[in-house]
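So the sequence lines, in the order shown, correspond to chains A and B. End of the first sequence = 246 in the numbering used here, gap-free, step of one. End of the second sequence = 266 in the numbering used here, gap-free, step of one. All C-beta atoms, glycine included, are put in the ideal place defined by N, C-alpha and C. Because the structure is a prediction, the values reported are computed rather than measured.
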Amino acid sequence: MKATFSIWRGDAQGGAFRDYPTEVSEGMVVLDAVHRIQSEQAGDLAVRWNCKAGKCGSCSAEINGLPRLMCMTRLSDLPLENPVTVAPMKAFPLLRDLVTDVSWNFAVKKRIKKFKPRPPDAPDGTWRMAQADIERVQEFRKCIECFLCQDVCHVLREHQLHDKFIGPRFFTYAAALEMHPLDTEDRVEELKEAQGIGFCNITKCCTRVCPEEINITDNAIIPLKERVVDRVYDPLTRLLRILRGS
Amino acid sequence: MPSPGEALTQIGFGRTARRDRWWATPLSTFLVLGSFVVYTTWASLQGDHYAYGNYLSPFYSPLLFGEPPHAWFGPKPGWWPAWLIFSPALFILWAPGGFRLTCYYYRGAYYKAFWADPPSCAVGEPRSSYRGEASLPLILQNAHRYFLYLALPFLVVLAHDVWEGMWFAGPDGRERFGIGVGTLVLAANVVLLGGYALGCHSLRHLVGGALDRLSGAPARKLAYDCVSCLNRRHMGWAWTSLFGVALTDLYVRLCSMGVIHDWRIL
Chain A
1 MKATFSIWRG
11 DAQGGAFRDY
21 PTEVSEGMVV
31 LDAVHRIQSE
41 QAGDLAVRWN
51 CKAGKCGSCS
61 AEINGLPRLM
71 CMTRLSDLPL
81 ENPVTVAPMK
91 AFPLLRDLVT
101 DVSWNFAVKK
111 RIKKFKPRPP
121 DAPDGTWRMA
131 QADIERVQEF
141 RKCIECFLCQ
151 DVCHVLREHQ
161 LHDKFIGPRF
171 FTYAAALEMH
181 PLDTEDRVEE
191 LKEAQGIGFC
201 NITKCCTRVC
211 PEEINITDNA
221 IIPLKERVVD
231 RVYDPLTRLL
241 RILRGS
Chain B
1 MPSPGEALTQ
11 IGFGRTARRD
21 RWWATPLSTF
31 LVLGSFVVYT
41 TWASLQGDHY
51 AYGNYLSPFY
61 SPLLFGEPPH
71 AWFGPKPGWW
81 PAWLIFSPAL
91 FILWAPGGFR
101 LTCYYYRGAY
111 YKAFWADPPS
121 CAVGEPRSSY
131 RGEASLPLIL
141 QNAHRYFLYL
151 ALPFLVVLAH
161 DVWEGMWFAG
171 PDGRERFGIG
181 VGTLVLAANV
191 VLLGGYALGC
201 HSLRHLVGGA
211 LDRLSGAPAR
221 KLAYDCVSCL
231 NRRHMGWAWT
241 SLFGVALTDL
251 YVRLCSMGVI
261 HDWRIL
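Dropping the structure here:
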């Protein structure tokens, strides 16, 4: 069976979608088709990939307009009667073809306050944690840093507020640290001011595209928003904090 | 579908390379939520047909001023300005209305459906400027937990209305226990509203989500788990309770107007 893939070819200076008809078969994913096109028709096609198992987060792209991992998008789930569009992520600067420069994300990660554990619980320098306490943050550790959530977030994608807003990936990262039962660092002021959590208007697009099915909005962003409300907007909790002297 | 030579960035209202019916969900939200707002506004301004026997419409409960025997403080107050339309719903409906308006789920839904901010995921927006919930007016959405505090007592009042809905006046004037279709409608409404309000994100935070070590507070852990369980289906509860409360008002209203008859089961 033949299918056509409309793949973006170009760099930061410009480019265009180019159609590549190719043979496809049962069980193939989009990355398989892109590899076949690369080997048979477009040897200079730039595409970033690594594990082909949905665990490295390298092959992020926009397939038929939606951010997805190419290696986890089965051709059997796509309508093949029309060309399948494959474009690079739009929230980040384009390097070439399907490859974007995602280094902004790594710079953002460095700005988030690091894990600061309480003093060890035992003389041998170890800690004790209840499973119930650590379960909540284990979900966030599933993140493979594919940055699809960053790409689909309209605050970055459409409004380009990269200097004011860290994006859903790093709210998840901050939540993993902030909710950790051993952590003693305070990130709430930064979340509101420098990291711009108030810009999130809860579209849940990040949750929708996450290949690891992390419930980013309900379990990370909204709980962090509520912690900001505790600290900044809720006079009752502020009063209670003053009375407790905390 | 993109064509050769088309710009890679799709900036502009409705611009997208998506092939699915991305507009269907925001359009449905616009129609359903818009219809609910129109119906609720109309029903709450009627000031009539809100009670039928022992049944009271949830739009008018608690009935602070109005028809006996449901009114808490008697009929329309004398101090009410003559030029201002009177309806008992005006005293109370702002509280559950504010709760829904500031709800995290509804916010995401109506920003898309009514303000196209964005219209849908990976679809172009009509405006280039964006302030989100970081400044006025949307920063006021952070008051959601206060509307939660106001909304929770309504569940108790509405549950009491179900109890009242089980006592029917007999021919001798004495009240007797019974169950009518209306009783079941009122009860279903409380269950749906309970599922919605008790699964609130703010409640989840307040009962335990704010703590990093829940294992040290077993009662709060239990509450957190219960609220989290409801919260996982918050969208479903939000919509079913929206339909439920409107249909309950409609049922009481149609009974009161004599359009339909309330069947007694017991």
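- Query: If we count Cβ pairs, one from each stretch, closer than 8 Å, do we get three or more for the region 143-158 of chain B versus the region 86-101 of chain B?
  - Reply: Taking 8 Å as the limit for Cβ pairs, the verdict is that the region 86-101 of chain B does touch the region 143-158 of chain B.
- Give me the Cβ distance between E212 (chain A) and C143 (chain A), rounded to the nearest whole Å; I'm assuming they're in contact under 8 Å. That pair is a contact at about 6 Å.
- Task: Name, please, each residue of chain B whose Cβ falls closer than 7 Å to the Cβ of A132 (chain A).
- Result: Those within 7 Å of A132 (chain A) in chain B are L214, S215 and K221.
- Message: When you compare the CB of S28 (chain B) with every CB in chain A, is at least one pair closer than 8 Å?
- Response: Under the Cβ distance rule, S28 (chain B) does not count among the residues neighbouring chain A, no pair being separated by less than 8 Å.
- Beta-carbon contacts of L148 (chain A) that lie in its chain and below 6 Å, excluding the five residues immediately before and after: Cβ neighbours of L148 (chain A) beyond the five flanking positions: S60, P67 and V209.
- Message: Could you check whether the Cβ of M1 (chain A) sits closer than 8 Å to any Cβ belonging to chain B?
- Response: Nearest CB-CB separation between M1 (chain A) and chain B: not below the 8 Å threshold.
- C-alpha distance - K116 (chain A) paired with S246 (chain A), whole-angstrom precision: For K116 (chain A) and S246 (chain A), the distance between alpha carbons rounds to 19 Å.
- With a 10 Å radius around its C-beta and 16 neighbouring C-beta atoms as the bar for buried, classify Q138 (chain A) as buried or exposed. With fewer than 16 other CB atoms across the displayed protein chains lying within 10 angstroms of its CB, Q138 (chain A) is exposed.
- Item | G57 (chain A) versus R48 (chain A): straight-line alpha-carbon distance, rounded | Going from the Cα of G57 (chain A) to the Cα of R48 (chain A) covers about 10 Å.
- Per DSSP, what kind of secondary structure is R250 (chain A) in: helix, strand or coil? Since the displayed chain A opens at 1 and closes at 246, residue 250 (chain A) lies outside it and no answer follows.
- Query: Would you say R136 (chain A) and K90 (chain A) are within 8 Å of each other, going by their C-beta atoms?
  - Reply: It is not a contact, given that the beta carbons lie outside the stated cut-off.
- Item | Proximity of K221 (chain B) and A176 (chain A) at Cβ, strictly below 8 Å | Cβ distance not < 8 Å, so K221 (chain B) and A176 (chain A) don't count as in contact.
- At a Cβ cut of 7 Å, what residues of the region 230-243 of chain B count as close to chain A, listed as they run along the chain? For the region 230-243 of chain B, which is checked against every Cβ of chain A, the residues closer than 7 Å are N231.
- Query: For Y50 (chain B), does the three-state DSSP call read helix, strand or coil?
  - Reply: It is coil, neither helix nor strand.
- On the DSSP bridge assignment, give the partners of W167 (chain B) in chain order. W167 (chain B) is bridged by DSSP to B:F177.
- Can you list the residues of chain A that D117 (chain B) reaches, using a CB-CB cut of under 7 Å? Residues of chain A with a Cβ closer than 7 Å to the Cβ of D117 (chain B) are, in chain order, N201.
- Item | Near-chain B residues of the region 222-235 of chain A (beta-carbon distance less than 9 Å), N- to C-terminal order | Shown in chain order are the members of the region 222-235 of chain A whose Cβ falls below 9 Å from a Cβ of chain B: I222, P223, K225, E226, R227, V228, V229, D230, V232, Y233 and D234.
- Apart from the five residues on each side of it in sequence, which residues of its chain come closer than 6 Å, Cβ to Cβ, to C205 (chain A)? These residues qualify, in order along the chain: V152.
- Task: Could you list which residues in chain B have their beta carbon closer than 8 Å to that of E62 (chain A), in chain order?
- Result: Chain B residues near E62 (chain A): A17 and A122.
- Query: Does DSSP put W22 (chain B) in a helix, in a strand, or in coil?
  - Reply: Shown here, W22 (chain B) sits in coil according to DSSP, grouped into three states, outside any helix or strand.
- Query: Under 8 Å between C-beta atoms, does K204 (chain A) make it to chain B?
  - Reply: Taking Cβ atoms only, chain B reaches closer than 8 Å to K204 (chain A), which makes this a yes.
- Query: When burial is assigned at 16 or more other CB atoms within 10 Å of the CB, is I7 (chain A) buried or exposed?
  - Reply: I7 (chain A) counts as buried, since no fewer than 16 other beta carbons sit within 10 angstroms of its beta carbon.
- Going along the chain, which residues of its own chain have a beta-carbon closer than 7 Å to the beta-carbon of P58 (chain B), five neighbours each way excluded? Scanning its chain for C-beta atoms nearer than 7 Å, with the 5 sequence neighbours on each side dropped, one finds around P58 (chain B) the residues L158, N189, V245, T248 and D249, in chain order.
- H201 (chain B), buried or exposed, once every other Cβ within 10 Å from all chains shown has been counted against 16: Counting Cβ neighbours within 10 Å, H201 (chain B) comes out buried, since at least 16 surround it.
- Should the region 179-199 of chain A be called in touch with the region 213-233 of chain A, which here means at least 3 C-beta pairs below 8 Å? Two segments are said to touch when three or more pairs of C-beta atoms, one from each, lie closer than 8 Å; by this definition the region 179-199 of chain A touches the region 213-233 of chain A.
- Which residues mark the beginning and the end of the alpha helix (DSSP H) in which F106 (chain A) is found? Counting along the chain, the unbroken alpha helix (DSSP H) around F106 (chain A) starts and ends at S103 to R111.
- Message: List, in chain order, every chain A residue whose beta-carbon is nearer than 8 Å to that of G199 (chain B).
- Response: None at all; the shortest Cβ gap to chain A is about 10 Å.
- Based on Cα-Cα distance, which residue from A:A3, A:I202 and A:V229 lies nearest to L191 (chain A)? Out of A:A3, A:I202 and A:V229, A:V229 has the C-alpha closest to the C-alpha of L191 (chain A).
- Message: Do F199 (chain A) and A134 (chain B) count as a contact pair if the criterion is CB distance below 8 Å?
- Response: A Cβ-Cβ contact shorter than 8 Å links A134 (chain B) with F199 (chain A).
- Item | L31 (chain B), buried or exposed, once every other Cβ within 10 Å from all chains shown has been counted against 16 | Exposed, since its Cβ has fewer than 16 Cβ neighbours within 10 Å.
- Item | Cβ neighbours of L198 (chain B) in the same chain (closer than 6 Å, five flanking residues each side left out) | Apart from sequence neighbours up to five positions away, the residues of its chain that approach L198 (chain B) with a beta-carbon distance below 6 Å are L230, ordered along the chain.
- Task: Starting from the N-terminal side, write out each stretch of the alpha helix (DSSP H) that is 4 residues or longer and does not extend beyond the region 94-132 of chain B.
- Result: Restricting attention to alpha helix (DSSP H) runs no shorter than 4 residues, the region 94-132 of chain B encloses them at 94-101 and 104-115, ordered along the chain.
- Item | Straight-line Cα distance separating S215 (chain B) from T126 (chain A) | Those two C-alpha atoms are separated by around 19 Å.
- Span of the beta strand (DSSP E) around Y173 (chain A): Taken as a continuous stretch (DSSP letters only), Y173 (chain A) belongs to no beta strand (DSSP E), being part of the alpha helix (DSSP H) at P168 to E178.
- Query: What in chain E is Cβ-close to G132 (chain B), meaning under 7 Å?
  - Reply: You won't find chain E in this structure, because its protein chains are A and B.
- Message: Once DSSP output is grouped into helix, strand and coil, what is the label at T184 (chain A)?
- Response: Residue state, collapsed to three classes: coil.
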